[in-house]
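Residue numbering for the sequence shown follows the working numbering, starting at 1 and increasing by one per position. Even glycine gets a Cβ: it sits at the ideal position worked out from N, Cα and C. Notes for the one structure printed next.
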Amino acid sequence: MALSTASDVLTVHGGAALSGEVRVRGAKNLVPKAMVAALLGHGTSVLHNVPSISDVRIVTGLLEAHGVSVTRGAAGPNGEPSDTLILDPVSVERASDAAVEAHAGTSRIPVLLCGPLLHRLGRAFIPDLGGCKIGDRPIDFHLDALRAFGAVVEKRPEGLLISAPERLRGTQIRLPYPSVGATEQVLLTAVLAEGVTELSNAATEPEIVDLIAVLQKMGAMVSVHNDRVIRIIGVDRLGGFTHRAIPDRLETASWACAALATGGDIRVVGATQGEMMTFLNVFRRIGGDFEVDDTRGEPSIRFWHSGGQMRALALETDVHPGLSTDWQQPLVVALTQAQGLSIIHETVYEQRLGFTEALNRMGAQIQLYRECLGGSACRFGQRNFMHSAVISGPTKLHGAELTIPDLRAGFSYLIAALAAQGTSTVHGISLIHRGYEDFEAKLSALGADVEMEIPA
Ligand code: EPU
1 MALSTASDVL TVHGGAALSG EVRVRGAKNL VPKAMVAALL GHGTSVLHNV
51 PSISDVRIVT GLLEAHGVSV TRGAAGPNGE PSDTLILDPV SVERASDAAV
101 EAHAGTSRIP VLLCGPLLHR LGRAFIPDLG GCKIGDRPID FHLDALRAFG
151 AVVEKRPEGL LISAPERLRG TQIRLPYPSV GATEQVLLTA VLAEGVTELS
201 NAATEPEIVD LIAVLQKMGA MVSVHNDRVI RIIGVDRLGG FTHRAIPDRL
251 ETASWACAAL ATGGDIRVVG ATQGEMMTFL NVFRRIGGDF EVDDTRGEPS
301 IRFWHSGGQM RALALETDVH PGLSTDWQQP LVVALTQAQG LSIIHETVYE
351 QRLGFTEALN RMGAQIQLYR ECLGGSACRF GQRNFMHSAV ISGPTKLHGA
401 ELTIPDLRAG FSYLIAALAA QGTSTVHGIS LIHRGYEDFE AKLSALGADV
451 EMEIPA
């Protein structure tokens, strides 16, 4: 990782119980994809509940490079920025390779532009992808799916050049693993392909269901069947959409774990129960408490530490409706404060437990294993990946110098630093801006003692 600049560093003085209210907006793992879907339509799309995060800015840049106009709605009465985006794809055009390459290494979203660009322009140039370093993260499922639709994939040193010599055709695809991104790739390509596409072993995360809702509003024909099968009947033309993005269940869980680990009490405004159920069960079993308020005004969920000793438990991450891998890292921090031995089996990303080394430097006792512990055997079991952990707790945490390796680990380090005694210096916080809107201000409002280093 590159050395951080002064403004990329947050100093955290730990020890305060976080308490108060924060707002979550639309899901980071839906909003950029809905923005890409707008490229498929012959009409203006309006997306509400858009967070101000860098992933949205990256996709805005990519869409604008392809001639899509992306504007914010009018500011509120007190000048507060609108959380509505208006996307107008009327003059879609080929972007210069340089404009696309400017986004190399920033995010994994560019690969999802393939289908829409192939339909609109017959060609897509995709730069090297970025995103969190939590495993190898290949895109072989994406490319195999695009080939199955009839696209031609050419690997070049500066990126991928994908072309469609003729209209893409519906096809039968079985994913080797229910990948979220590959499922979205198939959806965004199949809706305008000729004929029927049947996708088996599809991911069905809530953000995917919300993307299907967006596509249906545009005129697409998509149905979800039992046993992870999605069937799409291609249409000739799609219109725009008006949609409110589902709330970010992953950010919500991060705040819940911050409340638990610091012995605090946080109401997350905008959060809803439906997509949180698996997490809420775990939260309650560890010793957290929550209250869902969906009867008056804006929905919210309040999370707090119910007092007494937190309880250790065995967890296994999985595709939805299992426990999301993005909930694992903040939960691990909370479990350092639980009584007894907790077991974590990470089955989605082979390297998503590497962040625990820094927690051990803060005083945690976390041991990593290659074996599949505490659950079923997974595809990483016979390979050389440290993808299981045993956490002995409770342990007192103390401040440390931390460098953020990925988005969720980054926020989890902040939770650990807030729960610790003493001061921590956290480097690389711009990674957290990829998915957490305005988190420094939210932390301060909850009573956290954090200082941003101002560049000289
Ligand atoms: N995989 C392949 N080949 C592929 C695609 C995926 O082997 O072509 C493997 C991956 O290496 C991984 C597994 O399949 O082991 C699952 O990956 P998936 O494709 O589901 O992940 P993704 O689409 O790249 C999204 C989220 C992640 C989230 C995962 C799992 C976005 C932008 N990212 O990634 O979010 O962890 O689904 O739910 O939607 C985050 O929010 O911090 C984050 C990393």
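Where Ile404 sits in the DSSP three-state scheme: DSSP places Ile404 in coil when its eight states are reduced to three.
Anticipated Cβ contact below 8 Å, Val269 with Glu298, distance rounded: Indeed they touch by this definition, with Cβ atoms about 6 Å apart.
Those residues which DSSP pairs with His42 across a bridge: Paired residues: none, contrary to the question.
Pairwise C-alpha distance: Pro165 and Val89: Val is not the amino acid found at residue 89; the sequence shown has Pro there. C-alpha separation (whole angstroms): 23 Å.
Alpha carbon of Ala358 to alpha carbon of Ile429, nearest angstrom: Inter-residue distance for Ala358 and Ile429 is about 15 Å (C-alpha atoms, whole angstroms).
Counted within 10 angstroms of its Cβ, other Cβ atoms place His225 as buried (16 or more) or exposed: Taking all protein chains in view, the Cβ of His225 is surrounded by fewer than 16 other Cβ atoms within 10 Å, so the residue is classified as exposed.
Close beta carbons around Met276, own chain, < 8 Å, minus the five adjacent residues each side: Arg249, Thr252, Ala253, Ile301, listed in sequence order.
Leu187 beta carbon near the ligand EPU (any heavy atom closer than 8 Å): Checking every heavy atom of the ligand EPU against the Cβ of Leu187, none is found closer than 8 Å.
Buried versus exposed call for Glu64 [16 or more other C-beta atoms within 10 Å across all chains shown]: Exposed: under 16 other Cβ atoms inside 10 Å.
Test item: CB-CB of Thr84 and Val50 under 9 Å: In this structure, Thr84 sits near Val50, with a CB-CB distance shorter than 9 Å.
Closer than 8 Å: Phe439 CB and nearest the ligand EPU heavy atom: No, Cβ of Phe439 sits at least 8 Å from all heavy atoms of the ligand EPU.
Close-in-space but distant-in-sequence residues of the same chain around Arg408 (CB under 6 Å, 5 per side omitted): Asp326, Gln329, listed in sequence order.
8 Å Cβ shell around Pro81 - same chain, five flanking residues per side excluded: So the list reads Ser52, Arg72, Ala75, once near-sequence residues are dropped.
Within 9 Å, strictly: CB atoms of Leu238 and Asn201: One thing to note: Leu238 has its Cβ no nearer than 9 Å to the Cβ of Asn201.
Proximity test, Leu407 beta-carbon vs the ligand EPU heavy atom, cut-off 8 Å: Checking the Cβ of Leu407 against the ligand EPU gives yes.
Residues near His119 by beta carbon distance below 6 Å, same chain, minus five either side: Within the same chain, His119 has close Cβ partners Leu192.
Between the CA atoms of Pro138 and Arg108 - distance to the nearest angstrom: If I take the Cα positions, the gap works out to 11 Å.
Proximity test, Leu238 beta-carbon vs the ligand EPU heavy atom, cut-off 8 Å: Leu238: no, Cβ never under 8 Å from the ligand EPU.
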